[in-house]
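**Q** Residue numbers (our numbering): 3 to 362.
This is the structure, below, for whatever I ask next.
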Ligand SMILES: [Zn+2]
């Protein structure tokens, strides 16, 4: 809990409160807990920003997450290093997970500062794998996956043309790293931060918990205003990331005290972690119920968008929407609540398994 009286700020209708008025401008910082600075970087997407945090570590700083590699981020980091970080060294860089808005500037920061990179093993290795894929053509496995989901041949052609975007916003990654694992105690300054691993949004997402005052660096594992993308990708078409995600939400709900200050990677620091975790879970359960209703008629993955998102999805986010709808369908399939049949055009048609009939 914050020692500045922040916790008394009134909760909103969703049970959350945001104790800080100001949002840090690029290159500036707001102190949100003892020795913890909040920084924010612009993103050229609909989601227009990502947070990073700097933790005081003796004479230097441990930096957590980095922003996407863009000219704006380079300028903002230079300003932050000279400004709020007082020209002190970065002792270690930690990335919560391998998405480009989190690791994009890691190579730049490590090279410039000489700091080592620390990540979980699956996040580091997956990032390196995705960067290495840039040189190849779009794989047939991907085309097969999206065709099965109901994409048109035009949409698949567009995907082929755009293939290899992962590395565009990511500086060359450091060629070695230090491994963070569940339960590790990371000594930063005079404090221990406990590593808590989540899964579903990314394979082995690192959160950091300072238990002495319950400050929780959540990355994308708990966001206050949006729900994190939970997607199946063509590399593992039968994966069950939503199962992993729901289990992570449950685990965090039982682990974290209600008074914890949550420092997310998008949106503002907040209190109300229990209400937020419950709402996130409820959102997926509602989507699953709507999806089961849709599946009373044979349906493709793309036909599930209105049920999963409550709206029509534009082509600009087709890949992510398909991955997320697929995640909900795979979740139902694993639990015997839906099954699929592949037709002669290699398209999967999904149908709900009537639970009442099964049990009578
Ligand atoms: Zn992410």
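Just so you know, even glycine gets a beta-carbon here, dropped at the ideal spot from N, CA and C.
If you're wondering where the values come from, they're calculated on a predicted model, not measured in any experiment.
1) How is residue 8 classed by DSSP in three states: helix, strand or coil?
2) Alpha carbon to alpha carbon, what distance is there between residue 219 and residue 13?
3) Find out if the Cβ-Cβ distance for the pair residue 339, residue 357 is shorter than 8 Å.
4) Would you report the Cα separation of residue 352 and residue 313, rounded to the nearest angstrom?
5) If you reduce the DSSP assignment to three classes, tell me which class residue 266 lands in.
6) Span of the alpha helix (DSSP H) holding residue 333?
7) Give me the DSSP bridge partner(s) of residue 301.
8) I'd like to know whether the C-beta atoms of residue 330 and residue 293 end up nearer to each other than 8 Å.
9) I'd like to know whether the C-beta atoms of residue 98 and residue 205 end up nearer to each other than 8 Å.
10) Mind checking whether the beta-carbon of residue 216 lies closer than 7 Å to any heavy atom of ligand 1?
11) Output needed for residue 43: all residues of its chain with C-beta closer than 7 Å, excluding positions within five of it in sequence on either side, in chain order.
12) Buried or exposed, going by whether 16 or more other CB atoms sit within 10 Å of the CB of residue 244?
13) Quick check on DSSP: helix, strand or coil for residue 39?
14) Using the beta-carbon count (16 or more within 10 Å), is residue 163 buried or exposed?
15) By the three-class DSSP mapping on this structure, what secondary structure does residue 124 have?
16) Would you mind working out which of 285, 258, 287 sits nearest residue 275, comparing C-alpha positions?
17) Could you spell out the range, first to last residue, of the alpha helix (DSSP H) harbouring residue 101?
18) Ignoring anything shorter than 4 residues, give me the alpha helix (DSSP H) runs that lie fully in the region 141-168, in order along the chain.
19) Around ligand 1, what residues have a beta-carbon under 5 Å from a heavy atom of it, in chain order?
20) Can you tell me whether residue 324 is buried or exposed? The criterion is at least 16 other CB atoms within 10 Å of its CB, across all chains shown.
21) Leaving out five residues on either side along the sequence, give the residues of the same chain with a beta carbon under 8 Å from the beta carbon of residue 62.
22) Can you name the residues that DSSP bridges to residue 187?
23) Does the Cβ of residue 106 have 16 or more other Cβ atoms within 10 Å, making it buried, or fewer, making it exposed?
24) Rounded to the nearest angstrom, what separates residue 348 and residue 296 at their Cα positions?
25) For residue 88, which option in 208, 118, 56, 112 has the closest C-alpha, if you only look at C-alpha atoms?
26) Just mark residue 156 as buried or exposed, buried being the case when its beta carbon has 16 or more other beta carbons within 10 Å.
27) If you reduce the DSSP assignment to three classes, tell me which class residue 292 lands in.
28) What residue range is occupied by the uninterrupted alpha helix (DSSP H) comprising residue 378?
**A** Inspection of the coordinates gives the following:
1) Start at 1 with the first residue of the chain shown, and residue 8 comes out as number 6. Annotation note: pLDDT 47 at residue 8 (below 50); position unreliable, coordinate value reported separately. Residue 8: helix per DSSP, three-state reduction.
2) Numbered from 1 along the chain shown, position 11 holds the residue referred to as residue 13. Numbered from 1 along the chain shown, position 217 holds the residue referred to as residue 219. Residue 13 and residue 219 have their C-alpha atoms roughly 20 Å apart.
3) Numbered from its first residue, the chain shown carries residue 339 at position 337. Numbered from its first residue, the chain shown carries residue 357 at position 355. Contact flag set, yes.
4) In the chain shown, counting from the first residue as 1, residue 352 sits at position 350. In the chain shown, counting from the first residue as 1, residue 313 sits at position 311. Between residue 352 and residue 313, the C-alpha separation is close to 20 Å.
5) The residue given as residue 266 occupies position 264 in the chain shown. Note: residue 266 maps to strand in three-state DSSP.
6) What you label residue 333 is simply residue 331 of the chain shown in a count that begins at 1. Membership of residue 333 in the alpha helix (DSSP H) is indicated by the continuous run 320-336.
7) On the chain shown, residue 301 is found 299 positions in, with the first residue counted as 1. Here residue 301 is bridged, per DSSP, to 352.
8) One-based indexing of the chain shown puts residue 330 at position 328. One-based indexing of the chain shown puts residue 293 at position 291. Taking 8 Å as the Cβ cut-off, residue 330 and residue 293 qualify as a contacting pair.
9) For the purposes of this step, residue 98 is taken as the residue at position 96 of the chain shown. For the purposes of this step, residue 205 is taken as the residue at position 203 of the chain shown. The answer is no: Cβ separation not under 8 Å.
10) Taking the chain shown and counting its residues from 1, one reaches residue 216 at position 214. False, no ligand heavy atom lies under 7 Å from that Cβ.
11) Locating residue 43 in the chain shown gives position 41, counting from the first residue. Within the same chain, residue 43 has close Cβ partners 28, 51, 52, 54, 69, 75, 78.
12) Here residue 244 is taken as the residue at index 242 of the chain shown, counted from 1. When all chains shown are included, residue 244 counts as buried.
13) Taking the chain shown and counting its residues from 1, the one referred to as residue 39 is at position 37. Secondary structure at residue 39: strand, using DSSP grouped into helix, strand and coil.
14) Against the chain shown, residue 163 aligns to sequence position 161. Label assigned to residue 163: exposed.
15) What you label residue 124 is simply residue 122 of the chain shown in a count that begins at 1. Reduced to three states, the DSSP call for residue 124 is helix.
16) What you label residue 275 is simply residue 273 of the chain shown in a count that begins at 1. Among 285, 258, 287, the Cα nearest to that of residue 275 belongs to 258.
17) The residue you call residue 101 lines up with position 99 of the chain shown. According to the DSSP assignment, residue 101 belongs to no alpha helix (DSSP H), since it is labelled neither H nor E.
18) For the region 141-168, the full-length alpha helix (DSSP H) segments reaching 4 residues or more read 142-151, 155-164 along the chain.
19) Taking a cut-off of 5 Å from the heavy atoms of ligand 1, the residues with a C-beta inside it are 101, 222.
20) Walking along the chain shown from the start, residue 324 turns up at place 322. Buried, by the Cβ-count rule.
21) Reading the chain shown from its first residue, position 60 is the one you call residue 62. Scanning its chain for C-beta atoms nearer than 8 Å, with the 5 sequence neighbours on each side dropped, one finds around residue 62 the residues 90, 91, 92, 93, in chain order.
22) For the purposes of this step, residue 187 is identified with residue 185 of the chain shown, where counting begins at 1. 196.
23) As a first step, residue 106 is located in the chain shown; it is residue number 104 there, counting from the start. Burial is judged here by how many other beta carbons sit within 10 angstroms of a residue's own beta carbon; residue 106 has at least 16 and is buried.
24) Working through the chain shown from its first residue, we reach residue 348 at position 346. Working through the chain shown from its first residue, we reach residue 296 at position 294. Linking residue 348 to residue 296 through their CA atoms gives a straight-line distance of about 21 Å.
25) To locate residue 88, count along the chain shown from 1; it is residue 86. With distances taken between Cα atoms, residue 88 lies closest to 56.
26) To locate residue 156, count along the chain shown from 1; it is residue 154. A residue is called buried once 16 or more other Cβ atoms fall within 10 Å of its Cβ, and residue 156, having fewer, is exposed.
27) If you number the chain shown from 1, residue 292 lands on position 290. Helix, per DSSP.
28) Because the chain spans 3 through 362 in this model, residue 378 falls outside it and cannot be assessed.
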